[in-house]
Each structure stands twice: as structure tokens, then as C-alpha cells.
Amino acid sequence: MTTLITTDLVLLDANLGTDTTSVIRNLAELIAKTGRASEVAGLFADALAREQKTATGVPGGIAIPHCRSEAVLEPTLAMARLNPAVDFGAKDGPADIVFFIAAPAGADNAHLKLLSKLARSLIKKDFTAALRAAATPADIVALVDDALADKPKPATATAAPGSTGDGGPARSAVPDHTRPPIAGSAGSGAASASVEPPRPKRIVAVTACPTGIAHTYMAADSLVAAAQEAGVDLQVETQGSGAVTPLDPAVIAAADAVIFAVDVDVRGKERFAGKPLVSSPVKRGIDEPAKMVQEAVAASDNPNAHRVPHFGAEEAADRKSESSSESLGAKIKKVLLTGVSYMIPFVAGGGLLIALGFLLGGFQIPDFADKILTTNSLANLPTDFPSQALGPLGAYLGAVAFTIGNLSMSFLVPALAGYIAFGIADRPGIAPGFTAGAIAVFMGAGFLGGLVGGILAGLAAYWIGSWKVPRWLRGLMPVVIIPLLGSIIASGAMLLFLGAPIAALSDGLNSWLTGMTGTSAVVLGIILGLMMCFDLGGPVNKVAYAFAVAGLGAGSIASQAPWEIMATVMAAGMVPPLAMALATVLDKKRFSLAERENGKAAWLLGASFITEGAIPFAAADPLRVIPASMLGGALTGALTMAFHVTSQAPHGGIFVFFAIGNVVMFVVSILAGTIVAGFAVVALKRWAVRKPVDTLATAQPAHQDA
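Start counting the sequence shown at 84; every next residue gets the next number (the working numbering).
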């Protein structure tokens, strides 16, 4: 008997709300109540985030919300038979049977196999019919135990060994006499006396979903079953959470077409290069497996069919064409944020080390660092050092920390440019991008030069990669030709034409930021605060954060405006989760049990500058939570700029206090915004309430009688 599910984890004919958020929250509460999760907030947030990536409803009135979470203490199944049914995004209507699959972040393969076996059972009509007919929770537990038990497969099974959740390839049951043997396999000796019938089409497939628990294996089984009905030989590689057994290279080589039913990148995609391709989200492999098989068969006979790209610039071009439906703004945002995301580790490590250098060696350590490191050592501590240093040892260690941090920060612009180019042209764009970024630093063009240089390098690399070249030259394109010509074009343009104007613009911007005082600085703080709280970690929030991080390297003791902007962004981003935590204390009855649990976790999330800690509250009540958060964030942004609070660290919240200048006002500003936002959301929940229609209807006659 499995320990994944017990009668305490089963709800029959339960009303868990009218939307997916309510159902997931109630099931997360149930799992936590039984002691299988350490907190409701973390489990609910992880499951809701997974649901928002791809709807988990599948045909047949079934939904499988699932996640891996640090909050889960042991692998768990919670089941609810809903009344009323709730729409989980399936094409055939709402779901009345919901299985919440909760796996620990480090779940072992044995448990992941069991969870995937349950997911596969849910596409079987006899199993779901039995679930609907079950009279007691004990009946449900027994049905699940039977589904998860290792029992012999019937003779008509449609999947070969290895397809039961262990990551091995699933295979359609095409009769052996119709399947031509693969080279080197047994049984290929004697020729048949009779005429062999035409061999069936051979298709290989890869299925993968973000968590790798449910949809990965359900899509695999659905495709195998559809291929069997169509008389197609199909083998599937499930790239799930457990161990992955790759398809045999000989099987791939013999395949007529490839199906990718995935929500994440395919591991080892180059193995399928040149094969006709049908690609879709993993959920389509569950909803429309027959159509995908038909499309793959048709693609195998079509010389103009879309194909798996070869590695390098061709793959980058393929990705570009796949994203052609995106708007220009979305493409630009994705590329710029790619550069910023790869740049942040350089900034984070470098900024904290520089701050540590100031803490140990005093604010004059930049003037002493080079001399100390060239003439002193741990065995020969300096005698000439800043008066604010923590003694000779502090001065020496401060010089070490400052120098390492300063060198790390010197990669800021090249990394930004290099990975912007990577976002446009994939790997061939990295070298031209880094080179253009280095030229931007040389020209004094700053992060603006890095932005321009990265875009130029990416476009140049992408254009060169699109050239039609002889086959013998293709291997040299991504490693020699594209980096060489891309660097010449992008860096040449920066040196000859663009570097000097951008440097002048950058100097002007730095002068303007440095000269901001009074009202202008406060207005900028308000704008940044509003942006940080508008979508709680979404695109607008990321734009403000990227703006602050990109300029962080330009800060110095003499020019602290970039550090002030960083402090403003971080402080305002801490307000929403802290405010929601405070609100749950101020007026508990206005919040559900799950929200009160979320509030406990939000204290730490907010203190750590994890704005997303307020998402569960905003998802449940956006029209009250978001305006209140923006009000508090705007106040915090105004105060931090007005009091010239600085931060040399791009992340960490209150835990990087040593990198915060004027830390007292940093805390005061956050507290002020938190209090305002907390009271605002409570006030909105108390008084900005629309009365239900039935309440109004029953109140009217009573008024008339009076």
C-alpha cells in the first residue's frame, strides 16, 4: 500500500470554490493540515505558479495541479471530487476530479515514478469512471493503490517496458512482423517467403513539462495510443523529473519524423537535426495526440516541412522564426532582460565585495587599494592606510575585497552586451557582444554603450548566420566566421561612429542624475516605487530593476546617484509582501486561512527583497492589493530619494545592511511604506466592498415594511 494518499487527503463532492486559485489553495491547506507540508503559503505559491505556466486540465473532466516545492515534506496526493466543477483549462469543459500532486524539491526517483504512473492512469476511462463512482474516501485510496501497484501488463498493452515513469522510451504496439529490424538487432536474418507489407511510418517523440511529473508522461502515453490506432511505430523519450533513458541513436536515425511535445527546451536536440518536426506545448500531446501523429506522418512526406535545426546560427534563426508572432516590444524586452539576467551575478558579487571593502577599509580604500596590494601581504600588513579602516588587517582585507569586487564590476558592461547579443543570435553572438561591450567601456560609453553594442553585435551575428554557405564551411561559421565578422562590424561601428556620441550622452545622463536634488529626485523615486509595485515581479517591475542594476556600476563615492536609485528600487520592492504580512495581523478576519499563512512567510520574503511574496494576495484580490501596494511603494521611493539612501548591493534586502548608506532612513522609508500600504489594503477590504445581489434583494422589502 502506498503512503502517497490517505483518507484524510480525499474530499468527495466538495465545494472548493469557483476558480482554480480557490481549489489549489484549499488542497494546499489540506496537505499542510495533515502534516505533509511545512507551510501553506509556499506550497500554494509554487502550485499556482505552475498552473499559470500551463493549465493542468486534461480531457475527461480531470485536472492535475502539481508542483515540486521546498514546503513539501513528503510526496503527497490530495484528491477532490468537486461539486461544482471548476474550469482548469481543458478544451472539453470543467473538471470534477482533481488530483493535487505535491512533490518535495528533492523527491527521489521511486516516488516520482509512482506520481507519474498515477498521471498516466488518469487518461484511462475505466479508472476515472471508478473514481466518480467511489462512495467513500477509502474506495478512492484503494483505487489509487491499485493504479500505482506493479501488476503484470495485459497482453494488449500499448507501451513497452520502460514507459511506466522511469524515463525510458515508450513504444507503440505495432506488430513485430511489420516493424523492420534496426540494423544490428536480432531477428534480421531470414527473409520472409511472402511479400512484406509496406513498413509503417517511424516517428520518435520527446515529451517534457516544467515539473516533469504529470504532463510529461500523460502526453507520452497519449501519443503512443494514438500512434497505435494509426498504425504508426512511435517511440517516446520522456524527459521528466526521474532518470531519462535516451532514445537509441539507431532509432532516431531510422525515424521519418519527430514530435516535440514540450514546454521546456529539449535536452540533446542536436540528435534530431534535419528530421521533419512537429512541435507544440506538452498539453497538446494530451489533448490532440491523434492530430499530432497525423501531422508528423504528413511532414515525413513533405520535402518542405519544418525541420529540427542544426546547431549554431541555424538554430538561432529557427528560434527567431518561432517567435515571429511576438510584438516588437516583447522581443526587445526579452532580449534586454536576457542581458540583464546574465549580468546580475557579476553585479551582485562585485557590489557586495566593494561594500565589504568600504566596511573594512574605510571610504578612502579606492585610493589605497592598489598600493596596499602591491607592497603588502598578510605577513606584512600596511602601515599607511585610511584612518577609517579597521586596523592594518582590516585595511588589507578591505583592499582585497574592493579589488576583487571592482574587477568583477568591470565585467558588467561586457556581460550585458554579450548576453544581449546571445539573446538575439544565440551562442555565435556572445564573442562579438563581449567585444563590443569592452569597446563601450574603453570609449567611456557606459551601460548605454553596452546596450547599443550588444544589439549591434547580436544583429550582425544573426545576419551573418543567415548566409547560405557551402556545407564544408558550416562548421566554421559559429566558431570562427561569425565571431570574427560580427566583432569587426559591431566593434568597428562603436569605435568609428557611435562610441563618442554615446559616451557624451552617458556623461550627460550621469551629470543629470548626480545633480538631482529636491523635487526632481523625489519624483523619480515615486515613479520607480510605482513601477516596482505595479505587477509584483512582472515586466514593469523588471524594467525598473534592470534600470537600477544596469547603472549600478557607474556609482562612486563622488557620484552616488546610481546607488540611490538602486536603494530606491530595492526598498520599494520590499513593501508589498511586508504590507500584506502587516495587513493579515491588523485584521485577520479579512483574510482566509491560506492568506494568513502566506502572511507569515511574507515577513521574510519582504525583508529579503522578494516582491513576488505578495503575488498570492494579488491573485486573490488584485483590485485592492495592487493599488494599496503602489501607494506604499511610491511613498517609500520618495523617502529614500529624499534622504539620499544608497545601496551598493543589487539584492538582499535588509540582510545586506552593510552595503546600505544611511541604513536608518532605509529602514524608516520601508516601514513608512509598509504601514501605509498595510492600512490601505485593510481599509479597501473593509469599505470598498460590493454587496452581493441577493443581499440587496432581501434588504429592499425589509426597508419598505419599516
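From the three backbone atoms N, C-alpha and C, an ideal C-beta is built for every residue, glycine too.
Query, Result
"In this structure, does DSSP put C292 in helix, strand or coil?", "coil"
"With a threshold of 16 other CB atoms inside 10 Å of the CB of F692, please say whether the residue is buried or exposed.", "buried"
"Within 10 Å of its beta-carbon, does S549 have 16 or more other beta-carbons around it, so buried, or fewer, so exposed?", "exposed"
"Rounded to the nearest angstrom, how far is the Cβ of T518 from that of V658, given a contact under 8 Å?", "That belief does not hold up - the Cβ atoms of T518 and V658 are roughly 41 Å apart, past 8 Å."
"Of the residues G689, F525, G422, K207, which one's Cα is nearest the Cα of G501?", "G422"
"Assign N681 to one of two classes, buried (16 or more other C-beta atoms within 10 Å of its C-beta) or exposed (fewer than that).", "buried"
"Using a 10 Å radius around the Cβ and a threshold of 16 neighbouring Cβ atoms, would you call E353 buried or exposed?", "exposed"
"By the 10 Å Cβ neighbour count, where 16 or more other Cβ atoms means buried, how is I415 classified, buried or exposed?", "exposed"
"Inspect the beta-carbon positions of E122 and A115 and report whether they are closer than 9 Å.", "yes"
"Would you mind reading off the limits of the alpha helix (DSSP H) that contains L714?", "705-725"
"Let me know the alpha helix (DSSP H) ranges lying completely inside the region 650-694, each 4 residues or longer, listed in chain order.", "676-690"
"Quick one: is the Cβ of P428 within less than 8 Å of any heavy atom of the ligand ADP?", "This structure lacks the ligand ADP, and indeed carries no ligand of any kind."
"Using the three-state DSSP reduction, which class does F127 fall into: helix, strand or coil?", "helix"
"For G533, collect the residues of the same chain with a Cβ closer than 6 Å to its Cβ; drop the 5 residues on either side in sequence, then sort them by chain order.", "V496, L499, A500, G520, A523"
"Comparing C-alpha positions only, which one of I437, A472, V93 sits nearest to L214?", "V93"
"Near F660, what residues of its chain come up, given a Cβ to Cβ distance below 6 Å and the 5 sequence neighbours on each side ignored?", "According to the sequence shown, residue 660 is Pro rather than Phe. Once the five neighbours on either side are set aside, the close Cβ partners of P660 are A685, L688, G689, G696, A697."
"Just reading off the alpha helix (DSSP H) that P372 is part of, what are its end residues?", "372-383"
"DSSP state of P258, grouped into three classes?", "A caution first: P258 carries a pLDDT of 45, below 50, which makes its placement in the model unreliable, though a value can still be read off. Coil at P258, not helix or strand."
"Taking the alpha carbon of S730 as the reference point, which residue from V764, A701, G715, I640 has its own alpha carbon closest?", "I640"
"Which of helix, strand or coil does DSSP assign to D346?", "coil"
"In angstroms with no decimal places, state the Cα-to-Cα distance between P561 and E647.", "42 Å"
"Looking at I609 and A717, is the spacing between their C-beta atoms short of 9 Å?", "yes"
"With the cut-off set at 9 Å, would you say F494 and F441 are in Cβ contact?", "no"
"Under 9 Å, do L419 and A484 count as touching if we go by C-beta distance?", "no"
"Can you give the beta carbon distance from G516 to G537, rounded, assuming they're within the 8 Å contact cut?", "5 Å"
"Figure out for me which residue from K454, S460, A302, A742 has the closest Cα to the Cα of P469.", "K454"
"In whole angstroms, give me the CA-to-CA distance for A701 and A662.", "12 Å"
"Can you find the residues in the same chain that come closer than 8 Å, C-beta to C-beta, to I765, ignoring five residues on each side of it along the sequence?", "It should be pointed out that residue 765 corresponds to Val in this sequence rather than to Ile. Within the same chain, V765 has close Cβ partners A666, L669, D670, R673."
"Check the C-beta distance from A186 over to A154 and give it rounded, since I have them as a contact under 8 Å.", "Actually they do not touch by this definition, with Cβ atoms about 11 Å apart."
"How would you call K135, buried or exposed, if buried means at least 16 neighbouring beta carbons within 10 angstroms?", "According to the sequence displayed, residue 135 carries Gln and not Lys. Answer is exposed; the Cβ neighbour count stays below 16."
"According to DSSP, is I27 part of a helix, a strand, or is it coil?", "Since the displayed the chain opens at 84 and closes at 789, residue 27 lies outside it and no answer follows."
"For the alpha helix (DSSP H) containing Q318, list its first residue and its last residue.", "Run containing Q318: none in the alpha helix (DSSP H); it sits in the beta strand (DSSP E), 316-321."
"For G460, which of H298, G477, I572 has the nearest alpha-carbon?", "Reading off the sequence, residue 460 comes out as Ser, not Gly. S460 has its Cα closest to that of G477, out of H298, G477, I572."
"Please report the residue range of the alpha helix (DSSP H) in which L110 lies.", "103-116"
"Could you tell me the alpha carbon to alpha carbon distance between A128 and V747, rounded to whole angstroms?", "32 Å"
"Under 9 Å between the Cβ atoms of T90 and P220?", "yes"
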